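In short: position in the sequence shown from 1, add 11, done, that's this note's numbering. Glycine included, each C-beta is placed from N, C-alpha and C at the ideal position. As the structure is a computational prediction, the values presented were derived from the model and not from experiment.
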Amino acid sequence: MGRYNTLEEDMASGDNNNTKRSRVELHHIPDLFKDNRGNIVFHEYHSMHVNNVKLANVYFQHDGDDGKDTKVKAYIEKDSLPEDEIEWLESVDKSLEAYVKKVNDDEEVEGAGKFKHCPIINKDLVKLQPWCNFTKRKKNLVKKNVEGFMINGTFMMSGVYNFQTEEGVTYVGVNLIVPRKEKKVEIKAIPIPKKTVQEKDDEEDDE
């Protein structure tokens with residue numbers, strides 16, 4: 012199983028609302044993106060459909076009952092997505108990685124050398140950020156057997172986030188979020204196939 016985001020990277024992408032941070036201006040618009048009223052967004056709308064894909068890992072903000080929709084970090088294997096979706100995600104990562112390298116190499120940029128890219132695909136895992144309303148019991152079930160659960164829903168690219176920590180490190184990246192008009196994402200148990208009569212007979216014979 013691959014590497015997940017560090018605490019600092021999660022803070023940067025908005026997973027820890029208690030973190031002291033400040034938004035910084037992008038120094039130019041990365042390739043494949045455009046300025047939409049002050050937000051740097053992907054140049055064209057693209058929705059990504061995740062159809063009953065097995066989870067690789069999941070992170071909840073707390074262990075108790077949610078009581079309301081709460082952000083969840085759900086990880087899936089990159090190879091569980093269609094090839095065209097993988098190419099799309101990789102193109103975005105390459106664009107933002109190139110942007111970060113450019114500003115880090117520019118001595119005229121304040122904080123040059125301290126910009127860090129948080130990729131969507133990290134060690135062959137893709138992080139999704141749905142909002143879910145789970146009970147404590149369901150969270151425990153998912154955490155105990157995460158690969159026994161699957162996720163189903165539609166996602167889109169968020170705008171580019173760029174936050175600077177108190178230490179002066181600026182994190183740059185995007186998240187995969189649920190469009191407002193789409194239905195809620197489902198995280199549910201993978202059905203266990205019922206044994207056929209022949210399979211049951213074979214097991215009895217083995218005994």
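**Asked** With 16 as the cutoff for other CB atoms within 10 Å, does N62 come out buried or exposed?
**Response** Around the Cβ of N62, a 10 Å sphere holds fewer than 16 other Cβ atoms; the residue is exposed.
**Item:** Of the residues K89, P202, K127, K82, the one placed nearest K113, counting alpha carbons only
**Value:** Per the Cα distances, K127.
**T146 classed as buried or exposed, judged by whether at least 16 other C-beta atoms fall within 10 angstroms** = Flag for T146 reads exposed.
**Item:** I40 to K105 span [Cα, whole Å]
**Value:** Cα to Cα, I40 sits roughly 14 Å from K105.
**Asked** Grouping DSSP H, G and I as helix and E and B as strand, with all else coil, what is G184?
**Response** strand
**Item:** Coil, strand or helix - S58 by DSSP
**Value:** strand
**Message:** Within the continuous beta strand (DSSP E) that includes E88, where are the two ends?
**Reply:** 81 to 88
**Buried/exposed call for I201, threshold 16 Cβ in 10 Å** = exposed
**Message:** What would DSSP say about A123, mapped onto helix, strand or coil?
**Reply:** coil
**Request:** Taking T165 as the reference, give the member of Y110, V183, K155, P141 with the closest Cα.
**Result:** P141
**Message:** For a test of the three-state rule: what should DSSP assign to E197, helix, strand or coil?
**Reply:** strand
**Message:** What would DSSP say about K154, mapped onto helix, strand or coil?
**Reply:** helix
**Item:** 9 Å Cβ cutoff met for K199 and F160
**Value:** yes
**Request:** Pick helix, strand or coil for I203, following the three-state DSSP scheme.
**Result:** coil
**Asked** Closest to V153 by CA distance: which of V83, G122, K45 is it?
**Response** The candidate whose alpha carbon is nearest that of V153 is V83.
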